[in-house]
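Peer 1:
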Amino acid sequence: MARRKKIYEGKAKILYEGPEPGTLVQYFKDDATAFNAVKKDVIEGKGVLNNRLSEHFMVGLATLGVPTHFIKRLNMREQLVHQVEIIPLEVIVRNVAAGSLSKMLGIEEGTQLPRPIVEFCYKDDALGDPLVAEEHILAFNWASQQDLDDMVALALRVNDYLSGLMYGVGIKLVDFKIEIGRQFDGDFQRLIIADEISPDSCRLWDIKTGEKLDKDVFRRDLGSLSDAYTEVANRLGLMPQNKPTTGPKLVN
Ligand code: TMP
Ligand code: ASP
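Take the position in the sequence shown, starting the count at 1, then add 25; the result is the number in my numbering.
1) Report yes if the C-beta distance between Ala158 and Val116 is below 8 Å; otherwise report no.
2) Distance, Cα to Cα, Ile162 vs Gln108?
3) Please name the residue in Leu216, Asp212, Gly193, Lys197 whose C-alpha comes closest to that of Glu204.
4) Going by Cα to Cα distance, which pick from Asn75, Ile218, Val242 is closest to Ala87?
5) Mapping DSSP to helix, strand and coil, what is Thr234?
6) What are the start and end residues of each continuous beta strand (DSSP E) run of 3 or more residues lying completely inside the stretch 142-188, in chain order?
7) What's the gap between the Cα of Lys240 and the Cα of Ser251?
8) What does DSSP give as the partner residues of Tyr41 in its beta bridges?
9) Nearest CA to the CA of Leu105: which residue from Gly47, Asp225, Asn61, Asp200?
10) When burial is assigned at 16 or more other CB atoms within 10 Å of the CB, is Ile222 buried or exposed?
11) May I ask which residues mark the beginning and end of the alpha helix (DSSP H) holding Lys128?
12) Kindly indicate which three-state DSSP category Lys71 falls into: helix, strand or coil?
13) Compare the C-alpha of Ile82 against each of Lys97, Asp212, Gly211, Gly70 and name the closest.
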């Protein structure tokens, strides 16, 4: 079999040419990085968990009519996705102050925000993905005003969906990051959710205990990252359950 063509390798995923034009295979690695890859490790099983979790979130979004790049999961580590032109912006939505917002504005982590805040960071590792204003985005033509309006609307829909889903399993969605891409159909373009949605790109806190169930466990050395992600997958009913194979069965 011919070796497939690698299109792009990032810190946590690899993109390969897909079986049909306009498709890609997205492979989830076990690599974990933080602080722009200053901190690195390999967390066994992380790629498998993120592949399954991202599938779950993307399928749920599509069911609600939010367009995503996800087509289908191919195996434990790979999914088939639509090829898009990634807009070079990380779109962050925050419900509770944490991370860089807390640091930048001196707001205590855990402070509920009066409304969801949408931020944009310019995707450039060499610059450390700096926070940018809409003015920069428009002036440097990274996206149009229409794109920006669509991106904010998409991000807020993802926020509503993910917040509700997580609340249902006792988890607070503190913040998250998504990436958005352009899908072309002749002259027409539409914006769709791309990349991944997983505990690598969200902050998830247990509602009762405040325990962190996201990549901050790795960033801040708080314990086992794979245990944290397994807990999220378990609560969402995504882990195979060890059901007893023998014993009495309830019948009507
Ligand atoms: P921040 O508070 O560090 O700016 O992070 C905000 C959210 O974005 C948080 O859920 C983690 C996520 N994130 C990424 O997915 N990739 C990144 O490179 C960074 C810095 C944050
Ligand atoms: N994704 C970034 C990195 O790999 C930063 C982070 O998630 O904290 O370094």
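All residues carry an ideal CB built from backbone N, CA and C; glycine is no exception.
Peer 2: On the basis of the data shown:
1) The answer is no: Cβ separation not under 8 Å.
2) The alpha-carbon atoms of Ile162 and Gln108 are separated by roughly 23 Å.
3) Of Leu216, Asp212, Gly193, Lys197, the residue nearest in Cα terms is Leu216.
4) Per the Cα distances, Ile218.
5) Note: Thr234 maps to coil in three-state DSSP.
6) Within the stretch 142-188, no complete beta strand (DSSP E) run reaches 3 residues.
7) Their backbone Cα atoms lie some 10 Å apart in a straight line.
8) Beta bridge pairing from DSSP links Tyr41 with Lys31, Val50.
9) If we check each option's Cα against that of Leu105, Gly47 comes out closest.
10) Around the beta-carbon of Ile222, 16 or more other beta-carbon atoms lie within 10 Å, marking it buried.
11) It spans 124-130 - the alpha helix (DSSP H) in which Lys128 sits, taken as one unbroken run.
12) Lys71 falls in the helix class under three-state DSSP.
13) Inspection of the sequence shows that residue 82 is occupied by Phe rather than by Ile. Answer by Cα proximity: Lys97.
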